[in-house]
Amino acid sequence: MLKLDRQFLFGKLKGIYEVTCIKENPLQFILKEMMKEEFIDGVIGTTQEGVKVKPQLFIAPEEIRLSRLYFHSGQNTFLKKAIQKYRLNKIAIVAPSCIFDGLNKTQYYGIGCNWAKTAVALKVGILCLGITSEEGLECELLDITGESKEIVRNYLSPEGYFFETNSGEKIKVNMETHHHYINSGCKYCLNLSARGSDITYIPLQNDRSGIFILRSERGWRTLGILQKKFPEAFKFRLLGFKDISYVEDLLRQKLILNIDYILERVEMGLPVPKWNSNRFRKFYRLWNSVNDVNIEEEAF
Amino acid sequence: MFFLGQDFNFDSDFKVKLGFFHFSSCSGCQVAFLDMFEDLVEILDTVELAYSNMLTKKKDVPRLHIAFAEGALCIEDKRHLSLAKELAEKANIVVTVGGCASFGGIRRLSVGSQAPQPSHQSFIPLTEVELLKQKIKYAIPGCPPNPSLLYNFMIALLEVNEDFLQPFEFMANSKDACGFDVVKEVINKGLCVGCGTCVTACPSRAMNFNYHYNRPTFKPTLCVHCGSCLAACPQSFKPYPQPIYT
Ligand code: SF4
Ligand code: SF4
Ligand code: SF4
Ligand code: SF4
């Protein structure tokens, strides 16, 4: 059986830091300052009005107000506007890995957005344990607590995965319950830690701290520049894998649920898209036949 | 290389001979193809554009290794029928370029009998012509396809990069393409992740997005049947080359 080793869970990386910012959420602060310095000219991410999360294109630093509930929807619909209306060419995208998968297929886009990929300057991946719809979230909470609650944040902590309500109550979420309510597309996902992005961001209990997994030269430079410019605003703490073993555990738990789902799909013979009938079967074969293969590039 | 065929003669066929053919269409695909040809300068020592109604003066269709064809076949147009016959005879493989040739494209909306050519009433994609079927190996979606896609396709074809080519092979057997594809193939099969890529990929604003339910919506009246939405969807097939996880 394939090992769910660290390499598969986290992907390749250059370093892991816990970043604390005295001013505001570190990711939001970094994006604002990057835009002020003109390293980027727009941010596509999600914003929040109460419990409602919606995708948003920010074109001025003072506008940037990222959602704290890292549930996305349709960020890529804003690419057209960013490129055609605002002519942006240094866009930062804050999103989970499936959004970047869509971005990696720009060569298949219709005319007008051909060069969308070259307009992206920074990819900040969000570590994602699966997202729900608004209704899904409501039902999930009813299931866990027996009451309706308004969720405004989600984060990871050494105690597990948590939702936070608007009154500050913290609700621990069990992975199996969460798996039941997430979008069905998320149940087949094998890239929860956003491998392939420049930086993976993991929200923590303290909103002014976050874990940054630096993956690319671009991600590394981004943090380096900001640290140099605002030495007093940031506190960096270098982390090892043992410091984030709780993240690894959650990822492993969730991935096992997802893999179960994929295997069941193949065994049941449920249909797959007509243009790639092999996708899940290839994974199934690998899963059942080899001991130690890097499936990351082979199957997904 | 499989498209060189049995009769490959190294001396006279030193270069891979390509042709571009025009059926009933707006020529947008040929413009995109010629656009990408500029970028192909570095491989012009290996390929030769042997026929194009826009760029070459040749009247007769030469023997070709690869024929690219745009546009739908007009059943009433004798020239189209004889061109299709000629392609079946003279090309080793045929690649249909764009929605019209591959899936019917905007021609699916045609009711025929337009004023200048009232006898031209019915149009079918080249992939539906039995005579050409054995020859059509790949279909490229788009209206027109992205020149960078044509470029990468060209390179993949010359290198016989099967991972890249495989989805195009599937598309050659896919008779129809429209926004319902993402509904049928992705949403109904429980694979949509709500990323919104299909909305940006659509050249005609037929795809929209419902932010509440986190799913794309489709307006059939605006669809030009180009196939870009499903081709761009990250859940239809994974991007190739795979992103490099550095
Ligand atoms: S679980 Fe995977 S598919 Fe679902 S939102 Fe997260 S990254 Fe996307
Ligand atoms: S697919 Fe579109 S661009 Fe290509 S020939 Fe047809 S109408 Fe023109
Ligand atoms: S919905 Fe848009 S992208 Fe999809 S086939 Fe129709 S026109 Fe093309
Ligand atoms: S492109 Fe994204 S939103 Fe559109 S059907 Fe595919 S997964 Fe769903």
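Sequence order for the protein chains is A and B.
Numbering-wise (this note's numbering), the first sequence opens with residue 230 and increments by one.
Numbering-wise (this note's numbering), the second sequence opens with residue 1378 and increments by one.
Where is the CB? At the ideal position from N, CA and C, for every residue including glycine.
**Item:** Whole-Å CB distance - Ala-350(A) paired with Ile-269(A), under 8 angstroms assumed
**Value:** In the first sequence, counting from the first residue as 1, residue 350(A) sits at position 121. In the first sequence, counting from the first residue as 1, residue 269(A) sits at position 40. Correct: roughly 5 angstroms between the Cβ atoms.
**Prompt:** Is the region 428-442 of chain A close to the region 400-408 of chain A, with three or more CB pairs under 8 angstroms?
**Reply:** Counting C-beta pairs with one atom in each stretch, the region 428-442 of chain A and the region 400-408 of chain A have fewer than three that are closer than 8 angstroms, which means they do not touch.
**Prompt:** Which of the residues in the region 1559-1588 of chain B, read from start to end, lie with their CB under 7 angstroms from any CB of chain A?
**Reply:** Of all residues in the region 1559-1588 of chain B, the ones placed with a Cβ closer than 7 angstroms to any Cβ belonging to chain A are Glu-1562, Val-1563, Lys-1566, Gly-1567, Leu-1568, Cys-1569, Val-1570, Gly-1571, Cys-1572, Gly-1573, Thr-1574, Val-1576, Thr-1577, Ala-1578, Cys-1579, Pro-1580, Phe-1586 and Tyr-1588, in chain order.
**Prompt:** Buried or exposed: Leu-1599(B), going by 16 or more other Cβ atoms within 10 Å of its Cβ?
**Reply:** Numbered from its first residue, the second sequence carries residue 1599(B) at position 222. The Cβ neighbour count for Leu-1599(B), taken over all protein chains shown within 10 Å, is under 16; the residue is labelled exposed.
**Prompt:** Taking the Cβ atom as the reference point for each residue, do Cys-1555(B) and Pro-1580(B) lie within a distance shorter than 8 angstroms?
**Reply:** Within the second sequence, residue 1555(B) is the residue found at index 178, counting from 1. Within the second sequence, residue 1580(B) is the residue found at index 203, counting from 1. Pro-1580(B) sits away from Cys-1555(B), with the two beta carbons spaced by 8 angstroms or more.
**Message:** So within the region 370-441 of chain A, which uninterrupted alpha helix (DSSP H) runs reach at least 4 residues, ignoring any that extend past its ends?
**Reply:** Here the runs fully enclosed are 404-410.
**Request:** Identify which residue in Gly-354(A), Tyr-417(A), Asn-435(A) and Met-263(A) has its Cα closest to the Cα of Phe-392(A).
**Result:** Counting from 1 along the first sequence, the entry for residue 392(A) is found at position 163. Answer by Cα proximity: Asn-435(A).
**Request:** Measure the C-alpha to C-alpha separation of Phe-307(A) and Glu-278(A) and round it to an integer number of angstroms.
**Result:** As a first step, residue 307(A) must be located in the first sequence, where it is residue number 78. As a first step, residue 278(A) must be located in the first sequence, where it is residue number 49. Approximately 18 angstroms between the Cα atoms of the pair.
**Prompt:** If you draw a straight line from the alpha carbon of Ile-340(A) to that of Ala-1578(B), how long is it in whole angstroms?
**Reply:** In the first sequence, the residue the question calls residue 340(A) occupies position 111. In the second sequence, the residue the question calls residue 1578(B) occupies position 201. Going from the Cα of Ile-340(A) to the Cα of Ala-1578(B) covers about 8 angstroms.
**Where the region 1527-1558 of chain B meets chain A: residues whose CB sits under 7 angstroms from a CB there** = Residues passing the 7 angstroms Cβ filter: Asn-1529, Pro-1544, Phe-1547, Met-1548 and Ser-1551.
**Asked** Any chance the region 291-308 of chain A sits against the region 328-346 of chain A, with 3 or more Cβ pairs inside 8 angstroms?
**Response** Judged by Cβ distances under 8 angstroms, the region 291-308 of chain A makes contact with the region 328-346 of chain A, as three or more pairs qualify.
**Request:** For Leu-317(A), collect the residues of the same chain with a Cβ closer than 8 angstroms to its Cβ; drop the 5 residues on either side in sequence, then sort them by chain order.
**Result:** As a position in the first sequence, residue 317(A) is number 88, starting the count at 1. Within the same chain, Leu-317(A) has close Cβ partners Asp-270, Gly-271, Ile-288, Ala-311 and Ala-348.
**Request:** Specify, as a first and last residue, the run of the alpha helix (DSSP H) that Gln-1543(B) falls within.
**Result:** The residue you call residue 1543(B) lines up with position 166 of the second sequence. For Gln-1543(B), the enclosing alpha helix (DSSP H) stretches over residues 1539-1549.
**Request:** Quick one: which unbroken beta strand (DSSP E) runs of 3-plus residues sit fully inside the region 1497-1529 of chain B? Chain order, please.
**Result:** Note on the region 1497-1529 of chain B: whole beta strand (DSSP E) runs with a minimum of 3 residues are 1513-1517, in chain order.
**Prompt:** Can you tell which of Leu-1607(B), His-1457(B) and Leu-1450(B) has its C-alpha closest to the C-alpha of Phe-1557(B)?
**Reply:** Position 180 of the second sequence, counted from the start, is the residue given in the question as residue 1557(B). For Phe-1557(B), the nearest C-alpha among the options comes from Leu-1607(B).
**Asked** Cys-1603(B) versus chain A: which residues are under 9 angstroms apart at the beta carbon?
**Response** On the second sequence, position 226 is the one that residue 1603(B) refers to. In chain order, Gly-339 make up the part of chain A whose C-beta sits under 9 angstroms from the C-beta of Cys-1603(B).
**Length of the line joining the Cα atoms of Lys-309(A) and Pro-502(A)** = Translated into the one-based positions of the first sequence, residue 309(A) becomes position 80. Translated into the one-based positions of the first sequence, residue 502(A) becomes position 273. Taking the straight line joining both Cα atoms gives about 25 angstroms.
**Request:** Would you list, in chain order, the members of the region 1392-1426 of chain B that have their beta-carbon closer than 9 angstroms to a beta-carbon of chain A?
**Result:** So the list reads Gly-1405 and Ala-1409, given in the order they occur along the chain.
**Request:** Have a look at Leu-1503(B) and Leu-1411(B) and give me their C-alpha separation to the nearest angstrom.
**Result:** Along the second sequence, read from residue 1 onward, the residue named residue 1503(B) stands at position 126. Along the second sequence, read from residue 1 onward, the residue named residue 1411(B) stands at position 34. Rounded to whole angstroms, Leu-1503(B) to Leu-1411(B) spans 21 angstroms at the Cα level.
**Message:** Classify Met-230(A): buried if its beta carbon has 16 or more other beta carbons within 10 angstroms, exposed otherwise.
**Reply:** Counted from its first residue, the first sequence places residue 230(A) at position 1. Residue placement at Met-230(A) is poorly supported in this model, since its pLDDT is 47, which falls under 50; the coordinates still yield a value, given next. By the 10 Å Cβ count, Met-230(A) comes out exposed.
**Minimum C-alpha distance to Ile-1483(B) - residue among Ser-1496(B), Gly-1519(B), Glu-1425(B) and Glu-1536(B)** = Within the second sequence, residue 1483(B) is the residue found at index 106, counting from 1. Distances from the CA of Ile-1483(B) to each of Ser-1496(B), Gly-1519(B), Glu-1425(B) and Glu-1536(B) were compared; the closest alpha carbon is that of Gly-1519(B).
**Under 8 angstroms by beta carbon: chain D residues contacting Cys-357(A)** = Among the chains of the structure shown, chain D does not appear; the protein chains present are A and B.
**Message:** Along the chain, where does the beta strand (DSSP E) containing Phe-329(A) start, and where does it finish?
**Reply:** The residue given as residue 329(A) occupies position 100 in the first sequence. Premise fails: Phe-329(A) lies in the alpha helix (DSSP H), 326-332, not in any beta strand (DSSP E).
**Reduced DSSP category for Leu-443(A) - H, G, I as helix; E, B as strand; rest coil** = Against the first sequence, residue 443(A) aligns to sequence position 214. Look at Leu-443(A) here: in three-state DSSP terms it is strand.
**Request:** Classify Leu-1432(B) as helix, strand or coil using the three-state DSSP reduction.
**Result:** In the second sequence, the residue the question calls residue 1432(B) occupies position 55. Leu-1432(B): coil per DSSP, three-state reduction.
**Message:** Suppose you measure from the CA of Gly-469(A) to the CA of Ile-245(A); what does that come to, to the nearest Å?
**Reply:** Against the first sequence, residue 469(A) aligns to sequence position 240. Against the first sequence, residue 245(A) aligns to sequence position 16. When rounded, the distance between both Cα atoms is 7 angstroms.
**Message:** Against chain B, with Cβ distances strictly below 8 angstroms, would Gly-303(A) count as a contact?
**Reply:** For the purposes of this step, residue 303(A) is identified with residue 74 of the first sequence, where counting begins at 1. Yes, Gly-303(A) counts as interfacial toward chain B.
**Asked** Expressed to the nearest angstrom, what Euclidean distance is found between the alpha-carbon atoms of Leu-443(A) and Tyr-1528(B)?
**Response** Here residue 443(A) refers to the residue found at position 214 when the first sequence is read from its first residue. Here residue 1528(B) refers to the residue found at position 151 when the second sequence is read from its first residue. If I take the Cα positions, the gap works out to 33 angstroms.
**Message:** Just checking: is the beta-carbon of Ser-1613(B) within a distance shorter than 8 angstroms of some beta-carbon in chain A?
**Reply:** For the purposes of this step, residue 1613(B) is taken as residue 236 along the second sequence, with counting starting at 1. With its beta carbon less than 8 angstroms from one in chain A, Ser-1613(B) belongs to the interface.
**Message:** Looking at ligand 3, does it come within less than 7 angstroms of Ser-1548(B), judged from the CB to the closest heavy atom?
**Reply:** The sequence position of residue 1548(B) within the second sequence is 171, counting from 1. Here residue 1548(B) is Met; the residue named in the question, Ser, does not match the sequence. Shortest gap from the CB of Met-1548(B) to any heavy atom of ligand 3: 7 angstroms or more.
**Where Ser-1613(B) falls: helix, strand or coil (DSSP)** = Start at 1 with the first residue of the second sequence, and residue 1613(B) comes out as number 236. The DSSP-derived three-state label of Ser-1613(B) is coil.
**Asked** Using the beta-carbon of each residue, which ones in chain A are nearer than 8 angstroms to Cys-1520(B)?
**Response** As a position in the second sequence, residue 1520(B) is number 143, starting the count at 1. The contacting residues are Gly-339 and Ile-340.
**Asked** chain A partners of Leu-1607(B), CB-CB under 8 angstroms?
**Response** Residue numbering aside, residue 1607(B) sits at position 230 when the second sequence is read from its first letter. Near Leu-1607(B) (Cβ distances below 8 angstroms), the residues of chain A are Pro-502 and Trp-504.
**Request:** Leaving aside the five residues before and after Leu-1460(B) along the sequence, list all residues of the same chain whose C-beta is less than 6 angstroms from its C-beta, in chain order.
**Result:** Here residue 1460(B) corresponds to residue number 83 of the second sequence, with the count starting at 1. Contacts found: none.
**Message:** I need the DSSP call for Val-1471(B), collapsed to helix, strand or coil.
**Reply:** Reading the second sequence from its first residue, position 94 is the one you call residue 1471(B). Here DSSP, grouped into helix, strand and coil, assigns Val-1471(B) to strand.
**Request:** For Leu-358(A), name the three-state secondary structure that DSSP assigns.
**Result:** Position 129 of the first sequence, counted from the first residue, corresponds to residue 358(A). Under the three-state reduction of DSSP, Leu-358(A) is assigned to coil, being neither helix nor strand.
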